[in-house]
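Peer 1: This is the structure, below, for whatever I ask next.
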């Protein structure tokens, strides 16, 4: 796969999709270990980046996989499509641009799916509400779908009055 595995200090968020993150490796490993859950299913991945999770799912006999990413960097889309091609899954995948938190045609025109995959989309607390909104809309429109996600706790989140959660 064409990616970079390390970030550089001061890297722009639009380049994050050029990397394979540990959460993508973990979710991919889970998928490989649980192939029967994904075989024959239509999959939608949020924040696909370079495409590892989607490609692994396609290789595990998913019926069809829709990769989505919100990146403003055209290189992310180009690399994801290139990775799908070199891994022989282009015919079973589709790439769509999707901006989290935006209720537009990109969101509402997505095809129905059986499984939603979310790998490391909760990397920036300022985007949490947008990601949750997008997940909510997608799962509401696909009420029989289930979701699998992987998350890396990067720093302790500040809990505020809106969450009504208490830290231990």
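Residue numbers (the working numbering): 2 to 169. Backbone N, C-alpha and C fix where the C-beta goes; we use that ideal spot for every residue, glycine too. Given the structure is predicted, the values throughout are model-derived calculations rather than measurements.
Within the same chain, show all residues whose beta-carbon is closer than 8 Å to that of residue 31, passing over the 5 residues directly before and after it, in chain order.
Peer 2: 149, 151
Peer 1: Only counting the same chain, and skipping five residues up and downstream in sequence, which positions put a Cβ closer than 8 Å to that of residue 71?
Peer 2: 48, 98, 99, 100, 101
Peer 1: How many angstroms separate the CA atom of residue 34 from the CA atom of residue 118?
Peer 2: 15 Å
Peer 1: Buried or exposed for residue 121, going by 16 or more other Cβ atoms inside 10 Å?
Peer 2: buried
Peer 1: In terms of residue numbering, what span does the beta strand (DSSP E) encompassing residue 148 cover?
Peer 2: Residues 147 to 151.
Peer 1: If contacts are defined as beta-carbon pairs under 8 Å, then residue 40 and residue 62 qualify, I think. What distance do you get, rounded to the angstrom?
Peer 2: 4 Å
Peer 1: How would you write the range of the alpha helix (DSSP H) that residue 70 sits in, first residue to last?
Peer 2: Not the alpha helix (DSSP H): residue 70 falls in the beta strand (DSSP E), residues 65 to 70.
Peer 1: So for residue 97, helix, strand or coil by DSSP?
Peer 2: strand
Peer 1: Beta-carbon within less than 7 Å of residue 140's beta-carbon, same chain only, minus the 5 sequence neighbours each way: which residues are those?
Peer 2: 117, 146, 148
Peer 1: Find out if the Cβ-Cβ distance for the pair residue 44, residue 80 is shorter than 8 Å.
Peer 2: No, these two residues do not count as a Cβ contact at 8 Å.
Peer 1: Quick check: the Cα distance between residue 167 and residue 29, rounded to an integer number of angstroms?
Peer 2: Low per-residue confidence applies at residue 167: pLDDT is 48, beneath 50, and the placement is therefore not dependable, though the value from the model is reported in the following sentence. Near 33 Å, if we compare the C-alpha coordinates of residue 29 and residue 167.
Peer 1: Using CA atoms only, rank isn't needed, just tell me which of 131, 107, 25 is closest to residue 57.
Peer 2: 25
Peer 1: Leaving out five residues before and five after residue 85 in sequence, what residues of the same chain have Cβ atoms less than 7 Å from its Cβ?
Peer 2: 52, 56, 91, 94
Peer 1: For a minimum of 4 consecutive residues, which ranges assigned as the alpha helix (DSSP H) are wholly contained in the segment 82 to 137?
Peer 2: 106 to 109
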